[in-house]
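Read the structure below first, then the notes.
Protein chains in written order, with this note's numbering: chain A, 291 to 475; chain B, 242 to 476.
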């Protein structure tokens with residue numbers, strides 16, 4: 291089974307979904323569901339919640355495929371955004387969540403490099419982001435990763451790392467500024 | 242708020258993509274993206290910048306039963322939305338950049354007014370809430386009564402093997418008449434048959450039941466009725 295996240299192929303599959311080709315959705319699922327599920331598990335914390343959300347995500351992909359504007363390589367970013375938005379909606383709906391343990395926080399520090407990121411198409415972007423995250427201070431990097439990968443709000447980041455809310459907001463803001471400057475340089 | 246300041250737009254976009262905007266700010270930014278190309282571009286740039294963090298996670302294989310469930314859900318959805326799609330309302334939506342900007346500086350009253358002006362053709366029919374719980378959907382109909390819109394108001398949680406189905410309880414008695422399945426998120430627009438239209442116009446109550454995925458197999462409610470709501474009368 292092909293699992294490579296080939297941008298062009300994904301673009302084409304999405305366009306076929308927009309034309310109501312159910313076989314294209316099946317192929318899209320085979321290619322992308324494991325990566326989207328990984329995102330949902332990380333953000334929602336449990337496998338069951340993540341699998342239910344995955345189902346919602348693919349229904350939404352099917353419903354919204356007509357709105358996908360083809361830009362080379364955008365398909366995965368578009369689908370990841372749908373998955374992340376679904377997870378954020380579920381989290382904000384009051385899903386109980388525990389504060390992260392210290393060991394987990396240490397884990398969030400890592401930017402893992404195994405998996406599909408090894409594919410050449412995403413490898414260069416991955417490397418650039420990794421390099422720019424390394425330049426950030428530890429606290430700024432940790433805040434950005436907890437927000438993006440765990441879906442934590444400012445308040446929950448503050449609680450998890452034991453810092454005042456204002457400090458966390460300032461770290462996030464400065465981290466984002468530095469990240470943008472680095473990635474555009 | 243001045244969206245001509247690229248650095249402000251960029252910061253909002255970054256915080257949106259990170260998931261740091263609160264619910265209402267998040268919704269406002271989504272509307273802004275629909276109206277202001279620079280906002281959409283800023284958002285897409287951040288989505289792409291941060292995408293490697295998502296792709297770096299080790300893949301997790303879904304349960305083998307998951308795909309058949311998705312297939313069934315989509316088949317049910319296609320059946321439920323077989324009616325012709327209603328063209329989106331246009332024109333007045335151009336107000337939204339103004340509304341979004343005003344909202345971000347806290348001019349909530351202005352937003353309310355603009356929202357009202359932008360959707361004059363739909364009138365409320367009912368707010369659907371289970372007993373002692375927050376509302377889940379709002380039902381509206383077009384001024385001519387030929388179409389309905391069902392909007393989700395909060396997260397809809399239901400076992401993946403079940404569907405919610407909407408029913409008219411005819412004022413003259415008799416069996417409930419289905420108005421189709423309820424959306425689990427977003428909104429659904431549906432064109433009514435002439436029979437549904439006249440029944441809804443005369444109805445005092447509507448109901449929502451829990452049915453097998455895809456809707457009642459018998460044409461009348463088979464599962465528990467979880468919501469009964471009064472129909473608002475046009476004044």
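Beta carbons are placed, not taken as given, at the ideal position from N, Cα and C, and that holds for glycine. Treat the numbers as computed from the prediction; the structure is a model and nothing was measured.
Looking at chain A, is there any beta carbon in it that lies within less than 8 Å of the beta carbon of residue i?
i, result
"residue 247 of chain B", "no"
"residue 272 of chain B", "no"
"residue 389 of chain B", "no"
"residue 282 of chain B", "no"
"residue 458 of chain B", "no"
"residue 453 of chain B", "no"
"residue 315 of chain B", "yes"
"residue 318 of chain B", "yes"
"residue 386 of chain B", "no"
"residue 333 of chain B", "Because the pLDDT at residue 333 of chain B is just 41, under 50, the model does not fix this residue reliably, and the value given afterwards should be weighed accordingly. Closer than 8 Å: no."
"residue 278 of chain B", "no"
"residue 371 of chain B", "no"
"residue 396 of chain B", "yes"
"residue 437 of chain B", "no"
"residue 324 of chain B", "Per-residue confidence for residue 324 of chain B stands at a pLDDT of 35, beneath the threshold of 50, marking its modelled position as unreliable; the derived number appears in the next sentence. Taking Cβ atoms only, chain A never reaches closer than 8 Å to residue 324 of chain B, which makes this a no."
"residue 310 of chain B", "yes"
"residue 346 of chain B", "A caution first: residue 346 of chain B carries a pLDDT of 40, below 50, which makes its placement in the model unreliable, though a value can still be read off. No - not a single Cβ of chain A is within 8 Å of the one on residue 346 of chain B."
Using a Cβ-Cβ cut-off of 8 Å, state whether residue i counts as contacting chain B.
i, result
"residue 325 of chain A", "yes"
"residue 329 of chain A", "yes"
"residue 448 of chain A", "no"
"residue 402 of chain A", "Residue placement at residue 402 of chain A is poorly supported in this model, since its pLDDT is 42, which falls under 50; the coordinates are not used for a value here."
"residue 476 of chain A", "Lying before the first or after the last residue shown, residue 476 of chain A is absent from chain A, which here runs from 291 to 475."
"residue 464 of chain A", "no"
"residue 393 of chain A", "In this prediction, residue 393 of chain A has a pLDDT of 45, which is less than 50 and means its spatial position is unreliable; nothing more can be read from the coordinates."
"residue 321 of chain A", "no"
"residue 456 of chain A", "no"
"residue 397 of chain A", "Residue placement at residue 397 of chain A is poorly supported in this model, since its pLDDT is 49, which falls under 50; the coordinates are not used for a value here."
"residue 441 of chain A", "yes"
"residue 386 of chain A", "Per-residue confidence for residue 386 of chain A stands at a pLDDT of 45, beneath the threshold of 50, marking its modelled position as unreliable; the derived number appears in the next sentence. No, residue 386 of chain A lies away from the interface with chain B (no Cβ there is under 8 Å from its Cβ)."
"residue 367 of chain A", "yes"
"residue 437 of chain A", "yes"
"residue 309 of chain A", "no"
"residue 318 of chain A", "no"
"residue 306 of chain A", "no"
"residue 434 of chain A", "yes"
Where do the N-terminal and C-terminal ends of the beta strand (DSSP E) with residue i fall, by residue?
i, result
"residue 402 of chain B", "Where residue 402 of chain B is concerned, there is no enclosing beta strand (DSSP E), given that its DSSP letter is neither H nor E."
"residue 463 of chain B", "First-last for residue 463 of chain B: undefined, no H or E at that position."
"residue 439 of chain B", "That residue, residue 439 of chain B, is in no beta strand (DSSP E); its alpha helix (DSSP H) goes 435 to 443."
"residue 415 of chain B", "Segment: none, residue 415 of chain B is in no beta strand (DSSP E) and carries neither H nor E."
"residue 383 of chain B", "378 to 383"
"residue 429 of chain B", "428 to 432"
"residue 448 of chain B", "446 to 453"
"residue 392 of chain B", "388 to 393"
At what residues does the alpha helix (DSSP H) containing residue i begin and finish?
i, result
"residue 451 of chain A", "444 to 451"
"residue 365 of chain B", "Here residue 365 of chain B belongs to no alpha helix (DSSP H); instead the beta strand (DSSP E) covers 363 to 369."
"residue 469 of chain A", "455 to 474"
"residue 258 of chain B", "247 to 259"
"residue 429 of chain A", "428 to 440"
Does the distance from the C-beta atom of residue i to that of residue j stay below 8 Å?
i, j, result
"residue 419 of chain B", "residue 446 of chain B", "no"
"residue 370 of chain A", "residue 292 of chain B", "yes"
"residue 469 of chain A", "residue 426 of chain A", "yes"
"residue 458 of chain A", "residue 448 of chain A", "yes"
"residue 327 of chain A", "residue 340 of chain A", "yes"
"residue 345 of chain A", "residue 310 of chain B", "yes"
"residue 399 of chain B", "residue 378 of chain B", "no"
"residue 461 of chain B", "residue 417 of chain B", "yes"
"residue 303 of chain A", "residue 323 of chain A", "no"
"residue 305 of chain B", "residue 454 of chain B", "no"
"residue 389 of chain B", "residue 423 of chain B", "no"
"residue 253 of chain A", "residue 301 of chain B", "Since the first residue of chain A shown is 291 and the last is 475, residue 253 of chain A is not available in this structure."
"residue 374 of chain A", "residue 264 of chain B", "no"
"residue 419 of chain A", "residue 366 of chain A", "no"
"residue 369 of chain B", "residue 449 of chain B", "yes"
"residue 255 of chain B", "residue 287 of chain B", "yes"
Please list the residues of the stretch 285 to 308 of chain B that have a C-beta atom closer than 8 Å to any C-beta atom in chain A, keeping them in chain order. Correct list: 285, 288, 289, 290, 291, 292, 293, 294, 295, 296, 297, 298, 299, 300, 301, 302, 303, 304, 307, 308.
Please list, in chain order, the residues of the stretch 410 to 431 of chain A that have any C-beta partner in chain B closer than 7 Å. 412, 415, 416, 419
Could you tell me which whole alpha helix (DSSP H) segments of length 4 or greater appear in the stretch 273 to 326 of chain B? 278 to 296, 307 to 321
Whole runs of the alpha helix (DSSP H) within the stretch 333 to 369 of chain A, excluding any shorter than 4 residues: Annotation: the stretch 333 to 369 of chain A contains the following complete segments of the alpha helix (DSSP H) (minimum length 4 residues), in chain order: 337 to 354.
Which residues, taken in chain order from the stretch 247 to 261 of chain B, show a beta carbon closer than 9 Å to some beta carbon of chain A? 248, 251, 252, 255, 256, 258, 259, 260, 261
Taking a Cβ distance cut-off of 9 Å, strictly less, list which residues of the stretch 407 to 433 of chain B are near chain A, in chain order. 425, 426, 427
Identify each residue in the stretch 338 to 352 of chain A for which the Cβ-Cβ distance to at least one residue of chain B is less than 9 Å, and report them in chain order. 340, 341, 342, 344, 345, 346, 348, 349, 350, 352
When Cβ atoms are compared, which residues of the stretch 369 to 382 of chain A fall closer than 7 Å to chain B? Correct list: 370, 371, 374, 378, 379, 380, 382.
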